[in-house]
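The block underneath contains the structure these notes are about, expressed in structure tokens.
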Amino acid sequence: MLASLIERVDVNLHRHLVAHNVEFLQFAFRWMNNLLIRELPLRCIIRLWDTYMAERSGFSAFHVYVCAAFLLQFSPELQRQQEFQGLMLLLQHLPTYHWTDEDINLVLAEAFRLQSLFASAPHHLDYRRQTTLD
């Protein structure tokens, strides 16, 4: 679902990753398994998990949208990388060490926006299906 979501909201980033043979599984598996704990400083994790606990739709449903919003934050930097190794290095060591509540709040706001757009209409994520129907 993460790849479909990115393809829908940032087609240029999706194409860039695909063109450089970056599979979402290569970086997002860790994000999903560890709930971003290895990607963010503790102060941001506490804020993030507080939101997860309060989220009505639950941890797992909202986490996909958080991961999409998180990836979108780095879209310009990722698109500047012109090699697979550079992309993977950046994706595995995203520059979040100095992030504050403001940074994680931006990610959460974008995640809520994405969820409101796509959660109740999952067929909107099937971008290929829609373009072939047009």
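Position 117 of the sequence shown, counting from 1, maps to 108 under the numbering used here, and the rest follow consecutively.
Glycine included, every Cβ here is placed at the ideal spot set by N, Cα and C.
Same chain, Cβ closer than 8 Å to residue i, five either side skipped, listed in chain order
i	result
Leu105	Leu(-4), Val0, Tyr56, Ala59, Ala60
Cys35	Thr87, Trp90, Thr91, Asp92, Asp94, Ile95
Asn25	none
Leu63	Ile(-3), Val0, Asp1, Leu4, Glu101
Ser48	Gln106, Ala110
Neighbourhood of residue i by C-beta, 7 Å cutoff - its chain only, sequence neighbours within 5 removed
i	result
Arg21	Arg29
Leu(-7)	Phe15, Ala19, Val55, Cys58, Ala59
Thr42	Leu99
Gln83	Phe18
Residues of its chain near residue i, where Cβ-Cβ distance is below 6 Å and the 5 sequence neighbours each way are ignored
i	result
Ala102	Tyr56, Val57, Ala60
Neighbour-count burial assignment, residue i, 16 or more Cβ in a 10 Å radius
i	result
His5	buried
Ala112	exposed
Arg38	buried
Leu124	Here the model assigns Leu124 a pLDDT of 43, short of 50, so the residue's position is not dependable, and the following value carries that caveat. Exposed, because fewer than 16 other Cβ atoms sit within 10 Å of the Cβ of Leu124.
Leu85	buried
Phe53	buried
Phe109	buried
Leu27	buried
query = For the 8 Å Cβ check, are there 3 or more pairs between the region 33 to 48 and the region 68 to 80?
reply = no
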